[in-house]
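Using our numbering, you'd call the opening residue of the sequence shown number 1 and step up by one each time. We put the beta carbon where it would ideally sit given N, CA and C, even for glycine. Below you'll find the structure, written out as structure tokens, and then a few comments.
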Amino acid sequence: MVMSTRPLISDQEADVLAGALRRRSLLGASVAAGGIMAMPVGAFAAASAPEAEITVDQARTAPIPIIIPNFGGGLGEKIAEVLTNDLNNTGLFKVMPGSTTSGTPDFATSKSMGAHAQVTGSVSGGGSSVRVEMRLWDVLSHQQIQGTAYTTSAANWRRIAHIVGDVIYQRMLGEKGYFDTRIAFISRSGPRGHQRTRLAVMDQDGANARMLTTGKWLTLTPRFSPVKDQIAFMSYANNRPRVYLFDLTSGRQQILGEFEGISFAPRFSPDGRSVVLSVTRNGGSDLYIVDLASGSRRQITSSGAIDTSPCFSPDGSQIVFNSDRGGSPQIYIMPASGGGARRISYGQGTYGSPVWSPRGDLIAFTRIAEGMFSLGVMAPDGTGERIMTQGFTVESPSFCPNGRVLAYCRQSRAGAGGAGFSSTIGMVDITGFNDRVLPTPEAASDPAWSPLNG
């Protein structure tokens, strides 16, 4: 594998830039919109509920033993299965099956099993309206921590399981969960050199995958809006690569701004009112911000280099991006209003694909050094760099809403005729813990995590 000084972007985006140089209805976004009503049940009172005593760091070392029962009947079994998978997939919980019960647990038996927490629950009704009740118990103190009932249609059973998982995650660990979310991605099929690419979306656990485009045109780099059911992405539609907006409710697509050059690498602002993107110009590429309401655009870099892969800080005041202005691709930060940029990457190799954590404390990146791709994180001032995973190609990091997990693309080396090539979506904790592959219907790349649905 030959190491070059090109910016760390996808192969297809590199082709776009090379060409420029040569020329010089898915589920609703909230619990209410999804038709799910939630209300407290039993003895739970938010003001007096015990605070979480276990931190995420502690749970990484010693996963929390928790009993999850069948909630009753076929639907209750399905809910328990999804809930179990959500918790187990974090690596922070050790789920044990339990007998079906909707009342107070047998704490002595639960304690003898080694459980620290236990869920009880039930499902009643059916068809147009079901009621799912859950209670979370502290086995050691014999206290109810949470009690909530959800009323919705039976079609929403999977989403209820994710919402219950988020409640358990937050009550046990003191941080918001991320199970009731989706991931936009590029679904890939066909031989390595001639793959069909389709914009797609799925639940964060890989379920309910939907193809949003037909695959007639190459599509890349989807990004979720933080406030609307909308995805920005790059498409080669009509053989003119540009950034588009896809409305998940209506299925409509529209071009985001008319530029003389090729537009690519979009990213929404935290308030969802604008998009920052790259536009090819005079042998390089500059960063622009497009206001979604008015369509007005503002250029914020003009270095004469290749500036790309921009991402806003959570407060919208700064932008991290990739640039070769110093001679090799590195990571820089600048004010969102424009102005001087400061370099923050100084390790060995070249850097790219930076993305700011929703928590504001980390920037994830891809690094190429000594023939190896690495996925890592560093503080916004460039300190504390650490690598989480490595491979032939690991790129396109995207944080989950609570900033604890990264989705990314992992690709393998291709042999003769593309043999042996694979492209999958991985997930890894920000410490490098619990690296795993997310199931997808076809080969996949370019993951982008949504905000919480509700």
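Can you check which of these residues, Pro358, Ala336, Gly349, Arg325, is closest to arginine 343 by C-alpha distance?
Minimum Cα distance to arginine 343 is reached at Arg325.
Three CB pairs or more closer than 8 angstroms across the segment 179–199 and the segment 138–146
Cβ pair count under 8 angstroms is below three, so no.
What does a CB cutoff of less than 7 angstroms around proline 441 pick up in its chain, not counting 5 residues either side in sequence?
Within the same chain, proline 441 has close Cβ partners Ser187, Ala209.
Option in Phe71, Leu212, Thr280 with minimal Cα separation from threonine 249:
The option with the nearest alpha carbon to threonine 249 is Leu212.
DSSP on threonine 214, reduced to helix/strand/coil?
Coil.
Burial state of alanine 32, where buried means 16 or more other Cβ atoms lie within 10 Å:
Because alanine 32 sits at a pLDDT of 40, beneath the cut-off of 50, its placement in the model cannot be relied upon, and the point is left open.
Give the secondary structure of serine 445 by DSSP, where H, G and I count as helix, E and B as strand, and everything else as coil.
Three-state DSSP puts serine 445 in a strand.
Going by DSSP, name the residue or residues bridged to glutamate 133.
Its beta-bridge partners are Ser122, Ala149.
Spatial distance of glycine 360 from phenylalanine 399 (CA atoms)
Taking the straight line from one Cα to the other gives about 11 angstroms.
With DSSP run on the structure shown, which of helix, strand or coil describes isoleucine 163?
Helix.
Option in Ile54, Thr104, Pro97 with minimal Cα separation from methionine 113
With respect to the C-alpha of methionine 113, the residue from Ile54, Thr104, Pro97 having the closest C-alpha is Pro97.
Could you spell out where the beta strand (DSSP E) holding glycine 391 opens and where it closes?
Run containing glycine 391: 386–391, per the beta strand (DSSP E) assignment.
Going by the CB atoms, is the gap between tyrosine 150 and arginine 131 shorter than 9 angstroms?
Going by beta carbons, arginine 131 and tyrosine 150 fall inside the 9 angstroms limit.
Considering only the alpha carbon of each residue, which of Ser313, Ile36, Gln318, Thr90 lies closest to aspartate 57?
If we check each option's Cα against that of aspartate 57, Thr90 comes out closest.
Straight-line gap, serine 328 to leucine 220 (C-alpha atoms, nearest Å)
When the Cα atoms are used, serine 328 and leucine 220 turn out to be separated by approximately 24 angstroms.
Taking leucine 374 as the reference, give the member of Gly391, Gly384, Ile363, Ala364 with the closest Cα.
In the sequence as displayed, the identity of residue 374 is serine instead of leucine. Nearest C-alpha to serine 374 among Gly391, Gly384, Ile363, Ala364: Gly391.
So, at 6 angstroms on beta carbons, what are the nonlocal neighbours of glutamine 118 in its own chain, with the 5 sequence-adjacent residues on each side left out?
Ile67, Pro105, Ser110, Trp137, Val139.
Compare the C-alpha of threonine 61 against each of Leu92, Ile36, Leu83 and name the closest.
Closest option to threonine 61, judged by alpha-carbon separation, among Leu92, Ile36, Leu83: Leu92.
DSSP puts serine 374 in a beta bridge; with which residues?
According to DSSP, serine 374 bridges with Arg367, Gln390.
Have a look at tyrosine 408 and valine 276 and give me their C-alpha separation to the nearest angstrom.
The straight-line gap from Cα to Cα measures roughly 21 angstroms.
Just to check my reading of the structure: aspartate 203 and glutamine 230 have Cβ atoms closer than 8 angstroms, yes? What is that Cβ distance to the nearest angstrom?
Going by Cβ atoms, the distance from aspartate 203 to glutamine 230 rounds to 18 angstroms, so no, they are not a contact pair.
Serine 112: first and last residue of the uninterrupted alpha helix (DSSP H) it sits in:
DSSP places serine 112 inside the alpha helix (DSSP H), whose first and last residues are 107–112.
Under the three-state DSSP convention, the category tyrosine 178 falls into
Looking at tyrosine 178 - three-state DSSP - the assignment turns out to be coil, as it is neither helix nor strand.
Residues near leucine 8 by beta carbon distance below 7 angstroms, same chain, minus five either side:
Reliability of the predicted coordinates at leucine 8 is poor, the pLDDT of 38 falling under 50, and the value obtained from them is presented with this limitation in mind. Cβ neighbours of leucine 8 beyond the five flanking positions: Asn322, Pro329, Thr350, Tyr351, Gly352, Ser353, Thr366, Ile368, Glu395.
Is glutamine 170 helix, strand or coil by DSSP?
Helix at glutamine 170.
Give me whichever residues DSSP pairs with serine 458 in a beta bridge.
Absent from the model: residue 458. The displayed extent of the chain is 1 to 454, so no value can be given.
Coarse secondary structure for lysine 94, derived from DSSP in three states:
It is a strand residue.
In this structure, what does DSSP give as the bridge partners for phenylalanine 268?
Looking at the DSSP assignment, phenylalanine 268 forms a beta bridge with Val275.
Sort Ser317, Gly257, Phe268 by Cα distance to arginine 297 and report the nearest one.
The residue with the shortest Cα to Cα distance from arginine 297 is Gly257.
Go through its chain and collect everything with a Cβ distance to alanine 443's Cβ below 8 angstroms, but skip five positions before and after it.
The residues are Ser187, Arg188, Ser189, Gln195, Ser422, Ser423, Thr424.
Figure out for me which residue from Ser225, Ala161, Glu370 has the closest Cα to the Cα of alanine 207.
Looking at the Cα atoms, Ala161 is the closest of the given residues.
Are threonine 393 and valine 428 closer than 9 angstroms when you measure CB to CB?
No. Outside cutoff.
What whole-angstrom Cβ distance do aspartate 166 and asparagine 85 have, given they're in contact under 8 angstroms?
Aspartate 166 to asparagine 85, Cβ: 14 angstroms. No contact.
Applying the 10 Å Cβ sphere with the 16-neighbour rule, what's the burial state of aspartate 180?
By the 10 Å Cβ count, aspartate 180 comes out buried.
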